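Number of protein chains: 2
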Amino acid sequence: MSNILVVHAHPEPKSFCTALATAAVEEFEARGDTVVVSDLYAQKFNPVASSDDFRSRANPDYLVYSLEQRNAQEHTSLGGDIKTEVDRVLAADTIVFVFPMFWFSTPAILKGWIDRVFLSGTFYGGKRIYGRASMRGKKAVAAVTLGGREHMFGVDALHGELARGMMRHFFQGTLGYVGFDVIEPFFGYHVPYCSNDDRAGILENWRDHLRSLDRKPVMNMPDLSRFDDVFRPLEA
Amino acid sequence: MSNILVVHAHPEPKSFCTALATAAVEEFEARGDTVVVSDLYAQKFNPVASSDDFRSRANPDYLVYSLEQRNAQEHTSLGGDIKTEVDRVLAADTIVFVFPMFWFSTPAILKGWIDRVFLSGTFYGGKRIYGRASMRGKKAVAAVTLGGREHMFGVDALHGELARGMMRHFFQGTLGYVGFDVIEPFFGYHVPYCSNDDRAGILENWRDHLRSLDRKPVMNMPDLSRFDDVFRPLEA
Numbered sequence: 001m002s003n004i005l006v007v008h009a010h011p012e013p014k015s016f017c018t019a020l021a022t023a024a025v026e027e028f029e030a031r032g033d034t035v036v037v038s039d040l041y042a043q044k045f046n047p048v049a050s051s052d053d054f055r056s057r058a059n060p061d062y063l064v065y066s067l068e069q070r071n072a073q074e075h076t077s078l079g080g081d082i083k084t085e086v087d088r089v090l091a092a093d094t095i096v097f098v099f100p101m102f103w104f105s106t107p108a109i110l111k112g113w114i115d116r117v118f119l120s121g122t123f124y125g126g127k128r129i130y131g132r133a134s135m136r137g138k139k140a141v142a143a144v145t146l147g148g149r150e151h152m153f154g155v156d157a158l159h160g161e162l163a164r165g166m167m168r169h170f171f172q173g174t175l176g177y178v179g180f181d182v183i184e185p186f187f188g189y190h191v192p193y194c195s196n197d198d199r200a201g202i203l204e205n206w207r208d209h210l211r212s213l214d215r216k217p218v219m220n221m222p223d224l225s226r227f228d229d230v231f232r233p234l235e236a
Numbered sequence: 001m002s003n004i005l006v007v008h009a010h011p012e013p014k015s016f017c018t019a020l021a022t023a024a025v026e027e028f029e030a031r032g033d034t035v036v037v038s039d040l041y042a043q044k045f046n047p048v049a050s051s052d053d054f055r056s057r058a059n060p061d062y063l064v065y066s067l068e069q070r071n072a073q074e075h076t077s078l079g080g081d082i083k084t085e086v087d088r089v090l091a092a093d094t095i096v097f098v099f100p101m102f103w104f105s106t107p108a109i110l111k112g113w114i115d116r117v118f119l120s121g122t123f124y125g126g127k128r129i130y131g132r133a134s135m136r137g138k139k140a141v142a143a144v145t146l147g148g149r150e151h152m153f154g155v156d157a158l159h160g161e162l163a164r165g166m167m168r169h170f171f172q173g174t175l176g177y178v179g180f181d182v183i184e185p186f187f188g189y190h191v192p193y194c195s196n197d198d199r200a201g202i203l204e205n206w207r208d209h210l211r212s213l214d215r216k217p218v219m220n221m222p223d224l225s226r227f228d229d230v231f232r233p234l235e236a
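Top to bottom, those sequences are chains U and F.
The opening position of the first sequence corresponds to residue 1 in this note's numbering, with each subsequent residue numbered one higher.
The opening position of the second sequence corresponds to residue 1 in this note's numbering, with each subsequent residue numbered one higher.
Structural data, given as structure tokens:
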């Protein structure tokens with residue numbers, strides 16, 4: 001039995017994307033896991049990182065957000081909505097992200113959840129990144145819906161690669177950076193335009209993806225042993 | 001004389017990033033251009049795309065955000081804050097983005113400005129993307145501050161490439177996608193940790209960058225003539 005956090009961010013509660021989030025809850029509960037859902041639109045989550053996030057400040061005159069994140073943890077002065085989400089992440093063995101791709105990235109409400117919740121200090125440090133970061137041992141998996149078709153992505157395709165190209169900032173630069181084992185993501189292509197039968201097929205494939213999560217490949221992240229103590233590449 | 005829009009997004013009004021935005025305003029005004037500033041934190045810009053963005057709806061029962069964007073333009077039912085920003089972009093010959101890199105991307109407040117302002121229909125259409133999209137003939141340039149060092153970015157470096165790798169979703173997938181000529185971006189590395197002298201040097205380099213904007217290289221975008229009418233690669 002595991003603790004699962006589903007982070008969901010779609011503005012339409014009846015969306016297909018929401019159905020993917022609901023399916024994830026069902027699949028994990030069916031196998032006896034404990035599931036918590038952060039439904040960012042339903043929670044009206046505030047995505048704007050600002051000085052309001054700290055009840056007291058290390059430097060009240062000049063905001064360096066990441067330094068205030070560190071100070072706030074030492075002095076328990078972090079805003080309540082952030083604390084709730086941080087605790088959910090720390091309690092989870094696996095985080096499931098379900099969202100529509102907006103501009104080859106997350107919707108802003110989810111981007112701001114990352115900006116405010118993935119605290120400097122707790123999640124990563126200057127040299128504690130990738131395989132040395134704090135989310136080591138936890139898994140992250142994502143279901144992403146998009147309008148584009150699968151043939152638009154790949155090394156020689158229109159937009160280039162998706163998970164390792166356009167969305168590298170998320171899978172490597174965010175989830176991998178803080179140490180998660182990043183499971184090969186699930187993409188629901190062409191969702192607004194495909195048939196209901198096609199969507200039913202995507203939903204079933206997503207359930208299969210989740211049922212075989214333990215056997216799914218994990219994305220490669222940079223191997224820190226290839227870099228020196230300030231992350232310059234070592235001589236070959 | 002040109003019309004310039006500076007889009008700025010930093011939570012600290014006294015930040016070095018804000019100094020870069022101010023320098024941009026000064027440089028363009030000094031050469032006689034008209035400059036408008038969208039200071040997203042000062043405006044308390046709402047970054048959350050939602051049904052509230054439309055005063056009337058094509059489909060009140062089910063939100064497909066991009067379809068409602070199109071409907072709202074036909075029926076002038078777009079929320080006032082969005083309309084203001086859209087008009088600013090349409091009036092500009094050059095847009096200057098100034099922001100700190102958060103998670104190899106923009107801060108959420110700027111991500112949401114893109115989500116809400118880069119309207120389907122007005123900025124791009126299903127097949128009107130990249131060189132066929134509507135911002136053709138306008139320039140986009142960015143100054144991005146970050147904590148990382150320059151040696152951490154590149155083909156064989158720790159994080160891989162920056163503008164074409166980690167931030168490809170922004171430079172290609174957003175600015176290039178809607179048709180801007182995307183000027184090679186300016187990065188201010190290691191900003192929170194470097195000396196005041198170093199920062200003064202970065203500021204001067206940014207002013208030089210802006211003064212020579214017309215001679216700066218433009219980033220390559222996908223060549224649509226290499227793809228068929230559904231964007232499959234043509235045979236070589």
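Don't be surprised by glycine CBs; every beta carbon is placed ideally from N, CA and C.
What you are looking at is a predicted structure, and each value in this text was computed from that prediction instead of being measured.
Three-state class that DSSP yields for residue i in the structure shown
| i | result |
| --- | --- |
| U/LEU40 | coil |
| U/ILE129 | coil |
| F/VAL35 | strand |
| F/TYR65 | helix |
| F/SER51 | helix |
| F/THR18 | helix |
| U/ASN3 | strand |
| U/PHE231 | coil |
| F/THR145 | strand |
| F/GLY188 | strand |
| U/VAL86 | helix |
| F/LYS111 | helix |
| F/PHE171 | helix |
| F/SER225 | helix |
| F/LEU78 | strand |
| U/ASP181 | strand |
| F/PHE99 | strand |
| F/VAL155 | coil |
| F/ALA140 | strand |
Residues near residue i by beta carbon distance below 6 Å, same chain, minus five either side
| i | result |
| --- | --- |
| U/PHE16 | VAL191 and ARG199 |
| F/VAL96 | VAL6, ALA24 and VAL141 |
| F/VAL37 | VAL6 |
| U/THR34 | ASN3 |
| U/LYS216 | ILE183 and GLU184 |
| U/GLY131 | LEU224 |
Cut-off 7 Å between Cβ atoms - residues of its own chain near residue i, not counting five sequence neighbours on either side
| i | result |
| --- | --- |
| F/ILE109 | ALA9, LEU40, TYR41, PHE45 and PRO47 |
| U/ALA72 | PHE54 and LEU78 |
| U/ALA91 | ASN3 |
| F/ARG128 | SER134 |
| U/THR122 | GLN73, VAL86 and SER134 |
Interface flag, residue i vs chain F, CB-CB below 8 Å
| i | result |
| --- | --- |
| U/LYS138 | no |
| U/SER225 | no |
| U/TYR62 | yes |
| U/GLY165 | yes |
| U/ALA133 | no |
| U/ASP181 | no |
| U/ASP156 | yes |
| U/ILE82 | no |
| U/ALA142 | no |
| U/ILE109 | yes |
| U/ARG128 | no |
Min CB distance residue i to chain U below 8 Å
| i | result |
| --- | --- |
| F/MET152 | yes |
| F/GLY112 | yes |
| F/ASP33 | no |
| F/ASP115 | yes |
| F/PHE231 | yes |
Contact set for residue i: own chain, Cβ-Cβ below 8 Å, skip 5 residues either direction
| i | result |
| --- | --- |
| F/PHE171 | ALA142, ALA163, ARG164, VAL182, PRO185 and MET219 |
| U/PRO13 | TYR41 and ALA42 |
| F/TRP206 | LEU20, ALA23, ALA24, ALA143, PHE186 and GLY188 |
| U/MET152 | LEU158 and HIS159 |
| F/PRO149 | The question names Pro, but residue 149 of chain F in the sequence shown is Arg. These residues qualify, in order along the chain: TYR189 and HIS190. |
Contacts that residue i makes with chain C (C-beta to C-beta distance below 9 Å)
| i | result |
| --- | --- |
| F/PHE104 | Absent from the structure is chain C; the protein chains it does hold are U and F. |
| task | Count the C-beta pairs between the region 113-121 of chain F and the region 47-65 of chain U that are closer than 8 Å, then say yes if the count reaches three, no if not. | result | no
| message | Any C-beta of chain U within less than 8 Å: which residues of the region 1-18 of chain F qualify? | response | PRO11, GLU12, LYS14 and SER15
| said: Which residues of the region 186-216 of chain F have a Cβ closer than 7 Å to any Cβ of chain U? Give them in chain order. | reply: PRO192
| message | Using a Cβ distance threshold of 8 Å, determine whether the region 147-164 of chain F contacts the region 84-104 of chain U, with at least three qualifying pairs required. | response | no
| task | Name, going along the chain, the residues of the region 49-76 of chain F whose beta-carbon falls closer than 7 Å to a beta-carbon of chain U. | result | ALA49, SER50, SER51, TYR62, LEU63, VAL64 and TYR65
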